[in-house]
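Residue numbers for the sequence shown, in our numbering: 112 to 689.
Using N, Cα and C, we set each Cβ at its ideal position, and we do this for glycine too.
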Amino acid sequence: MSSTSPEQDPLDPGDVVLDRYRVVENIASGGHSVVYRGQDERLSRPVCIKVFSRLPTEAGISKASYQHFVQEAFALSRLTHPNTLRIYDFGHISVERDDKKGEVPFQVCEYMNGGTLANVVRDLGPQPASETLRIVGAVCDALGEAHGLGIVHRDIKPQNILFAEVGKARLPKLADFGIAKWMDDTTSENRAGDTQVVAGAKLAMYSPSWAAPEQLAGQPVGPSTDIYSLAVVAIYMMTGVPIFACDDVYEGYRKRRHGDRLMREAFAGLALPEPALVLLARALAFSPFDRPTKIGDFMEALGHAFEPSTAELVRLPATDPVTTSVRAPITPVTMKLSAAELASDDVAPGRAAVHDGAPLQAPPGHARTGGPPPLPGNATVAAPPPVARPPAPPPRLAPVATAGAGPGVQAPTAPPRRLGVSQAPVSLADRVVHFLETKGDVADIADVATGIRLRVTLQVGVGGARIVHLKPLSCFIALPGGRPTSAVQIAADSVFDLTTPRQDILARAYLALGSPAAGHRVFPLGPEPIAIGVEECPEVVLIDFGTGRGAYFVYTAGPGQQRASAPPSRRGPTRSKG
112 MSSTSPEQDP LDPGDVVLDR YRVVENIASG GHSVVYRGQD ERLSRPVCIK VFSRLPTEAG
172 ISKASYQHFV QEAFALSRLT HPNTLRIYDF GHISVERDDK KGEVPFQVCE YMNGGTLANV
232 VRDLGPQPAS ETLRIVGAVC DALGEAHGLG IVHRDIKPQN ILFAEVGKAR LPKLADFGIA
292 KWMDDTTSEN RAGDTQVVAG AKLAMYSPSW AAPEQLAGQP VGPSTDIYSL AVVAIYMMTG
352 VPIFACDDVY EGYRKRRHGD RLMREAFAGL ALPEPALVLL ARALAFSPFD RPTKIGDFME
412 ALGHAFEPST AELVRLPATD PVTTSVRAPI TPVTMKLSAA ELASDDVAPG RAAVHDGAPL
472 QAPPGHARTG GPPPLPGNAT VAAPPPVARP PAPPPRLAPV ATAGAGPGVQ APTAPPRRLG
532 VSQAPVSLAD RVVHFLETKG DVADIADVAT GIRLRVTLQV GVGGARIVHL KPLSCFIALP
592 GGRPTSAVQI AADSVFDLTT PRQDILARAY LALGSPAAGH RVFPLGPEPI AIGVEECPEV
652 VLIDFGTGRG AYFVYTAGPG QQRASAPPSR RGPTRSKG
């Protein structure tokens, strides 16, 4: 990539990322991100490409802001609910600025076309209670999956609720898990912090107008934190005004600490049944111990409290109401991403912490009553019990350097052994050898010993160079000294790691392209080299998981071996960034 200044885009129209995603145009930028409309050339669908636009070594770029961008991809990769924005891919691209070279991360995700909840309220005004219930219910569903996996969103706000237009309906999606926290992750060294320091001042990685009191006070968070923010969003939908609008952390905390008057003023204009008002007041309780602690319980209570016959509020004009059945399964459709909001990085002074993962319980001496609490007033948040340190993670695998011990072996000294294609596994060199024929140059490895699923694509690059594209289907992949990513392209023998999102190594493997020798390709496999005939297998590579595990020869069959139903194709030269 050519040299660029900080003001220039890291990508240009026409660039291809991961040999798949073509950049169409820059559609938004803000903070440390640039958002592009792109095209997935394999599946012929529009995508959004969001790039962290600054080098980590540049002035004003903190470790927290960089890591939060990466962590969003890892969080989204675990979530599959139809009301959660889908991420398709993740990786890094190389950039050069002012004689500095480095890599920046990017995400590829759904391209939403219906704007955000903030756009809807701004353009159409306050929403009916029925629409509020539908949209909030959809977000509850999405949060139910996240909380079940131990993830607290921590930044529920109208700008992070996106819509996909499907016919006349708008389907809501919860986005921006950039500051999400694993509830049992308080001691991890691999997680980004909650604040960054700019010009000597701490900046919080959340939005104060929508945050819960414990976030503003820097105290532990849990599922009830998201419930609080969602209740603030619900009131905003029905009134058009943020109940605690404020950019100052201390003023925002004071408003919540003595928020009875603000809530009464907000509730006064709502034609809601009494149970709905009581439930919203409970969700906005100053103390997290007085709120619903489970998003599923809150969603169920909403359904009972908002009676359709009495819950109708200010009716929208006849122009384009937001009508959607959000609880039904979503049929796959072409979607667009809200560019401006994805590119924005809202921050304000403050700090936050995270709960240890257990449900928030009332501390000693804090008695619960049978009914909902009164409007929040002078309640205080008690300090949680000490967090138990989780057990130490398993040790990482050390690099393998000895012959036969694992992937990445010394040059064998024995003469090559001729091996023909076998439909059945072959025991050889303390390994179980498998032959996998490609279909359209693609084969999927499912290694039983490691549980790894890996997609292998054989390609031909510029000048006929042999290229192997590796894409894990169950984890991430990293080359030596590199960061975990969703896919890599390799053009030479190499060791690679299969990792978790937190960079723990699940398995180490060795890719060998083979050395040509008298009509064969010779591969190292423990102490004994293996020769594969090129007439039988014109294209073949070896992926070796090491002693006691699987070794896989991925090949395209020769003319006499090809399956009539799946003749192999050859790709032309490829140009790729990333």
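The residues Ala620, Leu622 and Tyr663, in chain order, have a CB closer than 6 Å to that of isoleucine 654 in the same chain once the five nearest residues on each side in sequence are set aside. Its chain contains Ile406 and Gly407 as the residues whose beta carbon lies nearer than 6 Å to that of glycine 255, once the 5 sequence neighbours on both sides are disregarded; these appear in chain order. Under the 8 Å Cβ criterion, the region 149-166 counts as touching the region 198-218, having at least three qualifying pairs. In the displayed model, leucine 285 falls within a strand according to three-state DSSP. The beta carbons of proline 121 and valine 146 sit no closer together than 8 Å. When rounded, the separation of the alpha-carbon atoms in valine 633 and threonine 610 is 29 Å.
Around leucine 390, the same chain offers Ala412 and Ala416 as residues with beta carbons nearer than 6 Å, after the five sequence neighbours per side are excluded. Judged by DSSP in its simplified three-state form, valine 343 adopts helix. Taking the Cβ atoms as the reference, glutamine 150 lies roughly 6 Å from valine 135, within the contact range of under 8 Å. When DSSP states are grouped into helix, strand and coil, serine 144 belongs to the strand group. Here leucine 584 is exposed, its C-beta having fewer than 16 other C-beta atoms within 10 Å. Listed in chain order, the beta strand (DSSP E) runs fully inside the region 558-635 are 563-571, 577-583, 587-589, 599-601, 605-610, 616-623, 626-628 and 631-634, counting runs of at least 3 residues. Contact check for leucine 565 against aspartate 552 fails: the beta carbons are separated by 8 Å or more.
Apart from sequence neighbours up to five positions away, the residues of its chain that approach proline 536 with a beta-carbon distance below 6 Å are Val543 and His545, ordered along the chain. By the neighbour-count criterion, in which 16 or more other beta carbons inside 10 Å mark a residue as buried, proline 627 falls on the exposed side. The continuous beta strand (DSSP E) containing aspartate 655 extends over residues 650-655.
According to the DSSP assignment, proline 386 belongs to the alpha helix (DSSP H) that extends over 385-394. Per the DSSP secondary-structure output, cysteine 159 pairs in a beta bridge with Arg148 and Cys220.
Around the beta carbon of arginine 529, fewer than 16 other beta carbons lie within 10 angstroms, which makes this residue exposed. In terms of CA proximity to alanine 554, Leu581 leads the group Leu581, Phe397, Ala560 and Ala345. Setting aside the 5 residues that flank it on each side, valine 219 is surrounded in the same chain by Tyr132, Val158, Ile160, Tyr199 and Asp200, each with a C-beta closer than 6 Å to its C-beta; the list follows chain order.
Under the DSSP assignment, glutamate 548 falls in the beta strand (DSSP E) whose first and last residues are 542-548. For glutamate 639, the closest of Ala602, Ala387 and Pro527 by C-alpha to C-alpha distance is Pro527.
With a cut-off of 8 Å on Cβ pairs, the region 323-337 is in contact with the region 357-376, counting three or more such pairs. Out of Arg594, Ser335 and Gly248, the CA that lies nearest to the CA of arginine 265 is found in Ser335. When C-alpha distances from glutamate 646 are compared across Gly669, Gly225, Val247 and Gly562, the shortest belongs to Gly669.
Going by DSSP, glycine 661 is part of no alpha helix (DSSP H) but of the beta strand (DSSP E) stretching over 661-667. Straight across, the Cα-Cα distance linking valine 263 with alanine 322 is about 13 Å. Cβ-Cβ separation between leucine 624 and aspartate 604: approximately 6 Å, consistent with a contact (criterion under 8 Å).
Looking at the DSSP output, alanine 275 shares a beta bridge with Leu282. Across the structure, isoleucine 204 and valine 162 are spaced so that their CA atoms are roughly 9 Å apart.
According to the DSSP assignment, valine 537 belongs to no alpha helix (DSSP H) but to the beta strand (DSSP E) extending over 537-539.
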